[in-house]
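**Q** Going line by line, the protein sequences match chains G and B.
For the first sequence, numbering that gives the first Met the number 0 gives the first residue as 0, with consecutive numbering after it.
For the second sequence, numbering that gives the first Met the number 0 gives the first residue as 0, with consecutive numbering after it.
Just so you know, even glycine gets a beta-carbon here, dropped at the ideal spot from N, CA and C.
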Amino acid sequence: MAAKKNQIVIDLGKIALTPVQRQKLQNEIHKTVAGQMGAIDAANSTSTPAKVGATPAAITANIQATFTNTNPGVSSLTATLNSTQKTLSQSGTVSFTGVQSGDIILVQVDSLGSATITIDVNATPAQMNFPPGSHSKNFIIN
Amino acid sequence: MKNRSPKLLLTILTALVLSVNGVAQNKVSQGELPVYTADSLAIGNYKDILTSFFQLAFNNLTGPNKELNFNSNPFAVMLRGNPDLARDVNYYKYRALRKLNFNFGLKLDTSYHFNGFSAGIKYALINERDSTTSKFLFKNLQNDPLNVEVKQLKLKLLQYLNSTYPAGDPASRAQRIAFSQAMDSLTDTDYTPFNTLDTSFQKTVVSIAWQNNLRTFLALVTANPGVSIQQTLDASFGDMKNAIKNNLLWTIGISDTTYKDQYAFSNIVIATELSKGIFKPKPGSNLELNINASLNFTDDSLRVGRNLKRCILYFDKCSTQNNRRNI
Chain G
0 MAAKKNQIVI DLGKIALTPV QRQKLQNEIH KTVAGQMGAI DAANSTSTPA KVGATPAAIT
60 ANIQATFTNT NPGVSSLTAT LNSTQKTLSQ SGTVSFTGVQ SGDIILVQVD SLGSATITID
120 VNATPAQMNF PPGSHSKNFI IN
Chain B
0 MKNRSPKLLL TILTALVLSV NGVAQNKVSQ GELPVYTADS LAIGNYKDIL TSFFQLAFNN
60 LTGPNKELNF NSNPFAVMLR GNPDLARDVN YYKYRALRKL NFNFGLKLDT SYHFNGFSAG
120 IKYALINERD STTSKFLFKN LQNDPLNVEV KQLKLKLLQY LNSTYPAGDP ASRAQRIAFS
180 QAMDSLTDTD YTPFNTLDTS FQKTVVSIAW QNNLRTFLAL VTANPGVSIQ QTLDASFGDM
240 KNAIKNNLLW TIGISDTTYK DQYAFSNIVI ATELSKGIFK PKPGSNLELN INASLNFTDD
300 SLRVGRNLKR CILYFDKCST QNNRRNI
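1) Is the CB of residue 76 of chain G under 8 Å away from at least one CB in chain B?
2) Under 8 Å by Cβ, that's how I've got residue 80 of chain G and residue 109 of chain G pegged, so tell me the actual separation to the nearest angstrom.
3) What residues in the segment 138 to 153 of chain B have a beta carbon less than 8 Å from any beta carbon of chain G?
4) Could you check what DSSP says for residue 218 of chain B in three-state terms: helix, strand or coil?
5) Does residue 252 of chain B pass the burial test, meaning 16 or more other C-beta atoms within 10 Å, or should it be called exposed?
6) So, at 6 Å on beta carbons, what are the nonlocal neighbours of residue 311 of chain B in its own chain, with the 5 sequence-adjacent residues on each side left out?
7) For residue 314 of chain B, which residues from the same chain have a beta carbon less than 6 Å from its beta carbon, with the 5 sequence-adjacent residues on both sides left out?
8) Using 8 Å as the limit for Cβ to Cβ distance, is residue 179 of chain B near chain G?
9) Return helix, strand or coil for residue 309 of chain B, following the three-state DSSP convention.
10) Quick one: Cα of residue 235 of chain B to Cα of residue 213 of chain B, how far?
11) Should residue 202 of chain B be labelled buried (16 or more other beta-carbon atoms within 10 Å of its own) or exposed?
12) Is the beta carbon of residue 99 of chain B sitting closer than 8 Å to the one on residue 72 of chain B?
13) Let me check understanding here. Comparing Cα to Cα, which of B:265, B:227 and B:114 lies closest to residue 134 of chain G?
14) With the cut-off set at 8 Å, would you say residue 67 of chain G and residue 112 of chain G are in Cβ contact?
15) Counting along the chain, where does the alpha helix (DSSP H) carrying residue 148 of chain B start and finish?
16) Could you have a look at residue 247 of chain B and say whether DSSP puts it in helix, strand or coil?
17) Could you tell me which chain G residues have their CB closer than 9 Å to the CB of residue 182 of chain B, listed as they occur along the chain?
18) For a contact meaning CB atoms closer than 8 Å, what does residue 87 of chain G contact in chain B?
19) Relative to the C-alpha of residue 60 of chain G, which residue among G:131, G:105, G:130 and G:18 is closest?
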């Protein structure tokens, strides 16, 4: 690489340094370069702030159901988005792709135990808690 | 050792007594956790035979032979330390522990001195009364006519919502959200009466119910417009749960009692108990068939020294009219 203007090139091989001095010099160089890289990373991370509360045009929504105080198999969850239905018979997750803002997901639960239903996208409500029995409620995607 | 052991037992019992209140408070505060109260678990004899929580009893406190008994379930104790055990997969995994009861008791004399110790375990060989695991109950819940129709109605209402107020139309967004909230109110746990919902929503619901021939639902809201759909569903589920309290419960257990002056068994009892409801149970009243059998090994006083050589077989069959509500 050719030397540029305002740049000093030092060939460390031609300078008589003790191993201790050489190690110290390398450490200082590493420290300086790492500091500059850290500043660049920080600048990159602040240059594209996350959009809080925004729902992309079409996303994947994961609905997680946790049934407690009951056995697997004596619970059922049916989640309906438009004409698509997903079901569970024990704790687990169902996913819907192509979910858009304004979509409504109907959740219907039958369980002999308690049920906690959560969704991982910005929706109202973010979580549903049901006691034993039959229950249903809607997630509205924001 | 002889002096330290009663103190140690008293300490353990005190710790468990204190933990009972703590558990109840924790369950309520955490919301999603089960609220284990004796009354929520069972009625009548069921609680005497098998408990899923803690039972603490002080017997004959003012008499010469006082007793302090503690009865519990290992799963309930473990659940206190790890709430994740309540998750359905773990609930099934530890089913054997849920069927097990253990108990121990401390006997005291008039001066509150150690007068003997008792302990025992009990296992439910058949428990068809557990409303948290009964497949029969779950099938009944799913096939409940009103539940089936409400589910169908909700799906039709969702279709109506999507066609009338499309998600992609910004102009109808507010109406879409309002309709969705009305759908929630139809079956909310606040028990909103049907006739207090938005009038146009009520008409839409009734119209869709007519179109889909949802007779049970229509009969309910026509006969009583102020009815809460969710309250009716919950009441129906409560009746279903109550109905299985009549089912078979069969337990087997072993218990022992020590001498008052040392930790040697003075009595060992192997007992089995079978309970089956006869008529449909009603709150506060239940007629049950109880069959008890036990084999009692106790001290044969004709032989020299302490022993367990005397064996008594005991059998009892009785029907009990149970009109009490346990603590």
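**A** So, to answer that:
1) It does not: the Cβ of residue 76 of chain G has no partner Cβ on chain B nearer than 8 Å.
2) About 19 Å separates the two Cβ atoms, so there is no contact after all.
3) 140, 141, 143, 146, 149, 150 and 153
4) helix
5) buried
6) 295
7) 292
8) yes
9) strand
10) 18 Å
11) exposed
12) yes
13) B:227
14) Yes, the pair counts as a contact, with Cβ atoms nearer than the cut-off.
15) 144 to 163
16) coil
17) 103, 105, 135, 136 and 137
18) Neighbours of residue 87 of chain G on chain B: none; closest Cβ ~11 Å, over 8 Å.
19) G:105
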